[in-house]
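These notes are about the structure you will find just below.
The structure is reproduced here in structure tokens:
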């Protein structure tokens, strides 16, 4: 696989949450409203069908990384209801991150379906090495909202929202600092894949693989943690 350079990967500044974040899937706090989105997702393996768009944002505070997604979706679908089940077969969004730039192959993946059910893994030696089974993320909060009808393809839905809080403590055995310090850079990607109808694969930072593959840490984007707050009151 071709190696990606820092220069050709997208960069996003994560601002501090200047107002408290309540994980309810509504995204109506001033901090979320004012935060910039990461930009349009790309479709590296597009073949056919509508390219349904995603709006994603991130914030942070001393305890958590906050992630939000608004997902355009005409046919919202999810069937998996158990933690660590195959949520990637449902309408799902994902956070992949390597929190130590000096260990870019040591990464975490957290995959969350439209029901708020998640699968999480830690890959200490990259995507091709065995995955240790003893790591489980703790304290992860997820809430979703659906504008449409779940698992009913007889009509057309509008979109769904997912909001998550991921405690930094989950990354403390890899990250340089937990919580991050101002100016810290993490390698990170945001992914989305479709459910039963019009399955699409989209990402913030596109993977350079011939077939759909999100486990490509060389292709992660970069995020930098800022002490500037959202809303920008200072």
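Residue numbers (the working numbering): 42 to 275.
Using N, Cα and C, we set each Cβ at its ideal position, and we do this for glycine too.
Measure the Cβ-Cβ separation of residue 129 and residue 253 and say whether it is below 8 Å. Start at 1 with the first residue of the chain shown, and residue 129 comes out as number 88. Start at 1 with the first residue of the chain shown, and residue 253 comes out as number 212. No, the pair does not count as a contact, with Cβ atoms beyond the cut-off.
Indicate whether the contact test is met: 3 or more Cβ pairs, each with one atom in the stretch 49-57 and one in the stretch 183-199, closer than 8 Å. Result no; under three Cβ-Cβ pairs closer than 8 Å.
Could you check the C-alpha separation between residue 232 and residue 111 for me, to the nearest Å? Taking the chain shown and counting its residues from 1, one reaches residue 232 at position 191. Taking the chain shown and counting its residues from 1, one reaches residue 111 at position 70. Using only the alpha carbons, I get a separation of about 12 Å.
Just list the residues that DSSP pairs residue 208 with in beta bridges. The residue labelled residue 208 in the question sits at position 167 within the chain shown. Beta-bridge partners assigned by DSSP to residue 208: 105.
List in chain order: all unbroken beta strand (DSSP E) runs of 3+ residues lying wholly within the stretch 96-152. Secondary structure remark: continuous beta strand (DSSP E) runs of at least 3 residues inside the stretch 96-152, in chain order: 105-113 and 133-139.
Take residue 168 as the anchor and find which of 149, 154 and 185 has the nearest alpha-carbon. Here residue 168 is taken as the residue at index 127 of the chain shown, counted from 1. Ranking 149, 154 and 185 by Cα distance to residue 168 puts 149 first.
Tell me the rounded alpha-carbon separation between residue 131 and residue 153. Looking up residue 131 in the chain shown gives position 90. Looking up residue 153 in the chain shown gives position 112. In this structure, the straight-line span from the alpha carbon of residue 131 to that of residue 153 is close to 9 Å.
What's the gap between the Cα of residue 157 and the Cα of residue 82? Here residue 157 corresponds to residue number 116 of the chain shown, with the count starting at 1. Here residue 82 corresponds to residue number 41 of the chain shown, with the count starting at 1. Roughly 21 Å separates the two Cα atoms.
Within a Cβ cutoff of 6 Å, which residues of the same chain sit near residue 163, ignoring the five residues on either side of it in sequence? For this step, residue 163 is matched to residue 122 along the chain shown. Cβ neighbours of residue 163 beyond the five flanking positions: 149 and 176.
Beta-ladder partner(s) of residue 281, from DSSP: The question about residue 281 has no answer here: the residues shown for the chain are numbered 42 through 275.
Assumed close pair residue 137, residue 230 - CB separation to whole angstroms, cut-off 8 Å: Along the chain shown, one-based indexing puts residue 137 at 96. Along the chain shown, one-based indexing puts residue 230 at 189. Confirmed, Cβ separation roughly 5 Å.
How many angstroms separate the CA atom of residue 221 from the CA atom of residue 61? As a working note, residue 221 is residue 180 in the chain shown. As a working note, residue 61 is residue 20 in the chain shown. Cα to Cα, residue 221 sits roughly 18 Å from residue 61.
State the start and end residues of the unbroken alpha helix (DSSP H) segment that holds residue 73. Residue mapping note: residue 73 aligns to position 32 of the chain shown, counting from 1. Element bounds for residue 73: 71-75.
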